[in-house]
Amino acid sequence: MAVNRMADDILEDCLERGLDLDTGLDVFLTQCARMVHAKAGFVSLRGTRGPVLTRVLGELGADVFEAAHWSGPRKLREGRMLFCQQLTLGRLNLGGLGLVVDGDFEDGGKRVMGLVEAIGEQLDSAVLSFLALTDGRGPLERLDELDVDGTPVNRGRIGRYEIVRPLGTGGMAQVLIARTRGPEGLGRLVALKRILPHLTAQPEMVQQFLDEARIGLRLSHPNLVHVYDFGEAQGAYYIAMELVNGIDLDRLLRASKGPVEPAVASAIVSQALLGLHAAHGLKGEDGASLDLVHRDLSPHNLMVGFDGQVKVLDFGVAKVRAQRTVTLPGIVKGKPLYMSPEQALGQKLDARSDLFAMGLILYQSLTGRRAFERDDEMATMKAICQEKLTKPPEVPAPLWNVLSVALSKAPEARFDSAHAMADRLVSACPPARDTVLAALAGRLFPERLRDSQRLETTMDRAREAPTRATPPARAPR
29 MAVNRMADDI LEDCLERGLD LDTGLDVFLT QCARMVHAKA GFVSLRGTRG
79 PVLTRVLGEL GADVFEAAHW SGPRKLREGR MLFCQQLTLG RLNLGGLGLV
129 VDGDFEDGGK RVMGLVEAIG EQLDSAVLSF LALTDGRGPL ERLDELDVDG
179 TPVNRGRIGR YEIVRPLGTG GMAQVLIART RGPEGLGRLV ALKRILPHLT
229 AQPEMVQQFL DEARIGLRLS HPNLVHVYDF GEAQGAYYIA MELVNGIDLD
279 RLLRASKGPV EPAVASAIVS QALLGLHAAH GLKGEDGASL DLVHRDLSPH
329 NLMVGFDGQV KVLDFGVAKV RAQRTVTLPG IVKGKPLYMS PEQALGQKLD
379 ARSDLFAMGL ILYQSLTGRR AFERDDEMAT MKAICQEKLT KPPEVPAPLW
429 NVLSVALSKA PEARFDSAHA MADRLVSACP PARDTVLAAL AGRLFPERLR
479 DSQRLETTMD RAREAPTRAT PPARAPR
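Written as structure tokens, this is what we have:
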């Protein structure tokens, strides 16, 4: 029933806003993965000539185009299972769906497979409904039209932004690559973050989203993502922000399959600390400090750009002085690995809580391990509050001196500011140059780099082309 309601909400949302099918699939896949606690997944649709639209979530551990033809559970490496379901309408095969779940199953995964089959049935219906609202052509021929190579097509609008393609989806919002278009023609590419359709009816979630936008508009630093605009269009709340071409530190560490060089870790963390220092020093209109605390730092929201610049992302659960939004229950649930002791205990936080999180990120970058990771969340938080770390053999003594201060259990024993921690870190280990970070990101993620370059080249050509009036997006019948 939950999948059914979600599929209807997503379909209605896409049709109302003239968004294309890939935007809806991105949301559907991510939310269904959350329902079954899947670590990864895919949806692949086929037309008359082969795959035309594929969305992948996380590290699949299998070739997606092979898996798109599989049915039933398949064992993967490292105790994971891939549950696959074919998407069929009568004799017509539209493609495949798969979700990766950790663990060994006594029943061979029959119960999970039943859930995946139910999800596939709802996706069948949603795709059919979407394709039916066309000019009477067959669904496979309609799918063929989605197989666009090289040119960003108009996939609908949100406000004054034209959607280019989805970028990713989280629990609260979807991020899309979009472009501005006005009387002067095509504008810059932006990352457009929009609240998920089923959350727009929850005032506390909308308020949290708007708080993030207001904070973002006030932040300005080379190591913070710049927010350009926010607003509401047809009931869809959005934030337009700088599009960072790069990869987040979490994926970079996983691709490295271990620690990174100390100079690389120093460069990434010191840049992020400088951005945090600017955020911590943000002042209100009265000139007093807003006492901003990020509260949700992790390798997921440190972005390493293909230009070597590091950006801190996502102030979605940041808190400021006299903020109206109350803390939502469970808002940091699932990320206890990077909490400070005072956050784990539910105590009042200040900027030094973020420094503890940055210490944990530095530790992981230098060792390839999370400092306090245990079997469950409560054990992890208990370790954060009570257990003392010992120096790992692979961490040089000067860097351990930085870590031992940043990871002090008592806030008053940590660095006074993010800038002070950055200074000490740079002195302990001179950071790698931006060119080294750029080369590392490009070497580990060559396809992502090429895709980014292709998109920029295509947009440059579009800007150079003669300006023509663009007809408004046609409403589906």
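So the sequence shown is numbered by our numbering: it starts at 29 and just counts up by one. Even for Gly, the Cβ is constructed at its ideal location relative to N, Cα and C. If you're wondering where the values come from, they're calculated on a predicted model, not measured in any experiment.
ask   = Is Thr485 helix, strand or coil when you go by DSSP?
value = Taking the sequence shown and counting its residues from 1, one reaches residue 485 at position 457. Thr485: helix per DSSP, three-state reduction.
ask   = Are at least three pairs of beta-carbons, each pair with one atom in the segment 115-132 and one in the segment 61-70, less than 8 Å apart?
value = yes
key: Delimiting residues of the alpha helix (DSSP H) encompassing Leu195   = Residue numbering aside, residue 195 sits at position 167 when the sequence shown is read from its first letter. Looking at the DSSP string, Leu195 is not in any alpha helix (DSSP H); the run it does join, the beta strand (DSSP E), is Tyr189 to Thr197.
task = Give the secondary structure of Lys221 by DSSP, where H, G and I count as helix, E and B as strand, and everything else as coil.
result = Counted from its first residue, the sequence shown places residue 221 at position 193. Three-state DSSP puts Lys221 in a strand.
Three-state secondary structure (DSSP) of Ala206 = Walking along the sequence shown from the start, residue 206 turns up at place 178. Looking at Ala206 - three-state DSSP - the assignment turns out to be strand.
query = How would you label Ala201, buried or exposed, when you count the other beta carbons within 10 angstroms and need 16 or more for buried?
reply = By one-based count along the sequence shown, residue 201 stands at place 173. Flag for Ala201 reads buried.
Member of Pro424, Leu143 and Asp152 whose CA lies at the smallest distance from the CA of Arg119 = Along the sequence shown, one-based indexing puts residue 119 at 91. The option with the nearest alpha carbon to Arg119 is Asp152.
Stretch-stretch touch, CB-based, cutoff 8 Å, three pairs: the segment 298-306 with the segment 243-261 = yes
task = Reducing DSSP to helix, strand and coil, say where Met34 ends up.
result = Position 6 of the sequence shown, counted from the start, is the residue given in the question as residue 34. DSSP places Met34 in helix when its eight states are reduced to three.
request  = Just confirm the distance between the C-beta atoms of Lys221 and Met269, as a whole number of angstroms; I'd bet it's less than 8 Å.
outcome  = Counted from its first residue, the sequence shown places residue 221 at position 193. Counted from its first residue, the sequence shown places residue 269 at position 241. 7 Å between Cβ atoms; contact.
query = For Gly387, which residues from the same chain have a beta carbon less than 6 Å from its beta carbon, with the 5 sequence-adjacent residues on both sides left out?
reply = Here residue 387 corresponds to residue number 359 of the sequence shown, with the count starting at 1. Same-chain partners within the cutoff: Leu431, Ala434 and Leu435.
query = According to the neighbour-count rule (16 or more other Cβ atoms, all chains shown, within 10 Å of its Cβ), is Glu370 buried or exposed?
reply = Sequence index remark: in the sequence shown, residue 370 carries index 342 (1-based). Burial call: buried.
ask   = What are the boundary residues of the alpha helix (DSSP H) that Ser294 is part of?
value = Along the sequence shown, read from residue 1 onward, the residue named residue 294 stands at position 266. Note, Ser294: alpha helix (DSSP H), Pro290 to His308.
task = Quick one: using the 10 Å Cβ neighbour count with 16 as the cut-off for buried, is Asp163 buried or exposed?
result = Start at 1 with the first residue of the sequence shown, and residue 163 comes out as number 135. Low per-residue confidence applies at Asp163: pLDDT is 49, beneath 50, and the placement is therefore not dependable enough to give any value.
Environment of Arg478 [buried if 16+ CB atoms lie within 10 Å] = Translated into positions along the sequence shown, residue 478 becomes position 450. Looking at its Cβ environment, which holds fewer than 16 other Cβ atoms inside 10 Å, Arg478 is exposed.
key: Span of the alpha helix (DSSP H) around Pro231   = For the purposes of this step, residue 231 is taken as the residue at position 203 of the sequence shown. Its alpha helix (DSSP H) spans residues Pro231 to Arg246.
query = What did DSSP end up calling Glu87 once you bin it into helix, strand or coil?
reply = Start at 1 with the first residue of the sequence shown, and residue 87 comes out as number 59. Coil at Glu87, not helix or strand.
task = Let me know if Lys419 comes out buried or exposed under the rule of 16 or more other beta-carbons within 10 Å of its beta-carbon.
result = Taking the sequence shown and counting its residues from 1, one reaches residue 419 at position 391. Answer is exposed; the Cβ neighbour count stays below 16.
query = Sorted by chain position, which residues of the same chain lie with C-beta nearer than 8 Å to Tyr256's C-beta, five sequence neighbours on each side aside?
reply = Taking the sequence shown and counting its residues from 1, one reaches residue 256 at position 228. Result list for Tyr256: Val218, Ala268, Met269 and Glu270, in chain order.
Those runs of the beta strand (DSSP E) which lie wholly inside the segment 98-146 and span at least 3 residues = 100-103, 108-117 and 120-130
request  = Decide if the segment 283-300 is in contact with the segment 229-243; the criterion is three or more beta carbon pairs, one per stretch, under 8 Å apart.
outcome  = no
query = Can the beta-carbon of Gln364 be found less than 8 Å from the beta-carbon of Thr408?
reply = The residue labelled residue 364 in the question sits at position 336 within the sequence shown. The residue labelled residue 408 in the question sits at position 380 within the sequence shown. Correcting the residue type first, residue 364 is Pro in the shown sequence and not Gln. Their beta carbons are under 8 Å apart, which means Pro364 touches Thr408 by this criterion.
query = Based on the DSSP secondary-structure assignment, which residues constitute the bridge partners of Gly69?
reply = Here residue 69 refers to the residue found at position 41 when the sequence shown is read from its first residue. In the DSSP output, where bridge partners are listed per residue, Gly69 has Leu85 and Leu127.
ask   = Of the residues Asp382, Glu190, His97 and Pro194, which one's Cα is nearest the Cα of Ala450?
value = As a position in the sequence shown, residue 450 is number 422, starting the count at 1. Comparing Cα-Cα distances from Ala450 to each of Asp382, Glu190, His97 and Pro194, the minimum goes to Asp382.
request  = Please state if the CB of Lys339 and the CB of Leu252 are separated by a distance shorter than 8 Å.
outcome  = Position 224 of the sequence shown, counting from 1, holds the residue named residue 252. Position 311 of the sequence shown, counting from 1, holds the residue named residue 339. Closer than 8 Å, so yes.
query = Does any C-beta atom of chain B lie closer than 8 Å to the C-beta of Thr485?
reply = No chain B is present in this structure, which holds just one protein chain.
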